[in-house]
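Novice: Taking UniProt numbering, I'd label the letters of the sequence shown as residues 1 to 297.
So that we are looking at the same thing, I have put the structure below in structure tokens.
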Amino acid sequence: MTYHLPAGRARSGPHLVDVTPEAAGWGHSSLRVLELPPGGTHAFDAGDSEWIVLPLSGACTVTAADDFGHDSFDLAGRTGVFDGVTDFAYVPRDARATVSSAAGGRFALTGARCTRRLPARYGPASAVPVELRGTGSCSRQVNNFGAAGVFECDKLIAVEVITPGGNWSSFPPHKHDEHRPGEESVLEEIYYFEFAGHDGTPGLGYQRVSPSGPGRETDVLAEVRDGDVVLIPDGWHGPSMAVPGHHMYYLNVMAGPGAERAWLICDHPDHAWIRGTWPDQPVDPRLPLYTAPERSV
């Protein structure tokens, strides 16, 4: 199995990225990155999965229709992932959906196989919690648009992480590949990367995944660039390293078989101590890159 998919490796039709459970060799998590030209429209069947449509760049209209009704959501979007929090739309399983964009853009479709049908909904950018995690060179920003406990889904968990150039995130290395009630949940995870360039020079970073035990032997050390994907069925994952001068963005998509939708992780025992140093250091002053817009009254 190839766990690092360089840009273009997972391309299919209008999708710059098309990772299905079948392609990944697992049971739940999906990611598509849809590129639309000006005036473009793309229709898809949700099937047995729930989806969140998240603008990476550009604005779009999302419609979802099924036996329960028809919903339409206008997403203001953003110019790029380093420029602001975005609004999003939730598409339930068994719906017929369309994404259309007058000016064109790129749109992430984060998905998870599920059993419950929840209503189609609009997620405003103003309701996205922006969290600063870690301090010092471990500082990063997390946009918790689809986190458990923030936005209701049946199985899907999805967040955005921004790591300033020169910093490490997904650190200490952690895992979620064993069912241990109240301590650790089983979640398949997808990382999708983008980088801030500098004077025309593209950015890059590095991603590590190491084996966590017998039968859980995923092993990755990859140089990652714009549009790359890393699949994490199991294992200790982290660090995610942004080279100096280039901010790193990654979109995390997670889902698993557990009855509880929860992000419960176990830190690597060799590196968990680093958390104890964080209170003695300031958060990187470059963060947050941006905050969620004020809620309208």
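Glycine is no exception: its CB is placed at the ideal position from the N, C-alpha and C atoms.
Run through DSSP, which three-state label would residue 138 get?
Specialist: Note: residue 138 maps to helix in three-state DSSP.
Novice: Can you say whether residue 146 is buried or exposed, counting buried as having 16 or more other CB atoms within 10 angstroms of its CB?
Specialist: Burial call: buried.
Novice: Which residues in the same chain as residue 65 place their Cβ atom closer than 6 Å to its Cβ, once the five residues preceding and following it in sequence are excluded?
Specialist: Within the same chain, residue 65 has close Cβ partners 96.
Novice: Just the C-alpha distance for residue 120 and residue 270, rounded to the nearest angstrom, thanks.
Specialist: If you take the alpha carbons of residue 120 and residue 270, they lie about 43 Å apart.
Novice: How should residue 164 be labelled, buried or exposed, when 16 other C-beta atoms within 10 angstroms of its C-beta is the threshold for buried?
Specialist: Per the 10 Å Cβ criterion, buried.
Novice: Using only CA atoms, which one of 199, 245, 233 and 250 lies nearest to residue 224?
Specialist: Taking only the C-alpha atoms, the option nearest residue 224 is 250.
Novice: Cα-Cα, which of 110, 43 and 82 is closest to residue 33?
Specialist: The option with the nearest alpha carbon to residue 33 is 110.
Novice: Say whether the stretch 214 to 232 touches the stretch 134 to 145, bearing in mind that this needs 3 or more beta-carbon pairs closer than 8 Å, one atom from each stretch.
Specialist: No: the two stretches stay apart, fewer than three of their Cβ pairs being nearer than 8 Å.
Novice: Give the secondary structure of residue 276 by DSSP, where H, G and I count as helix, E and B as strand, and everything else as coil.
Specialist: Reduced to three states, the DSSP call for residue 276 is helix.
Novice: Could you round the C-beta distance between residue 174 and residue 236 to whole angstroms and report it? I think they count as a contact, below 8 Å.
Specialist: Their Cβ separation, rounded to whole angstroms, is 7 Å, which keeps residue 174 and residue 236 in contact under 8 Å.
Novice: For the putative contact between residue 98 and residue 55, defined by C-beta atoms under 8 Å, what is the C-beta separation to the nearest angstrom?
Specialist: That pair is no contact at about 15 Å.
Novice: Roughly how far, in whole angstroms, is the beta-carbon of residue 203 from the beta-carbon of residue 196, given that I think they are within contact range, below 8 Å?
Specialist: Confirmed, about 5 Å.
Novice: Based on DSSP bridge pairs, tell me the residues matched to residue 254.
Specialist: DSSP, once it has assigned bridges, lists 157 and 189 as partnering residue 254.
Novice: Counting along the chain, where does the beta strand (DSSP E) carrying residue 24 start and finish?
Specialist: Segment 21 to 24 is the alpha helix (DSSP H) holding residue 24; no beta strand (DSSP E) there.
Novice: Which partner residues does residue 249 have in the DSSP bridge list?
Specialist: The partner list for residue 249 (beta bridge, DSSP) reads 162 and 194.
Novice: Take residue 30 as the anchor and find which of 191, 212 and 213 has the nearest alpha-carbon.
Specialist: Among 191, 212 and 213, the Cα nearest to that of residue 30 is on 191.
Novice: Can you give the Cα-Cα distance for residue 102 and residue 75, rounded to whole angstroms?
Specialist: Their backbone Cα atoms lie some 12 Å apart in a straight line.
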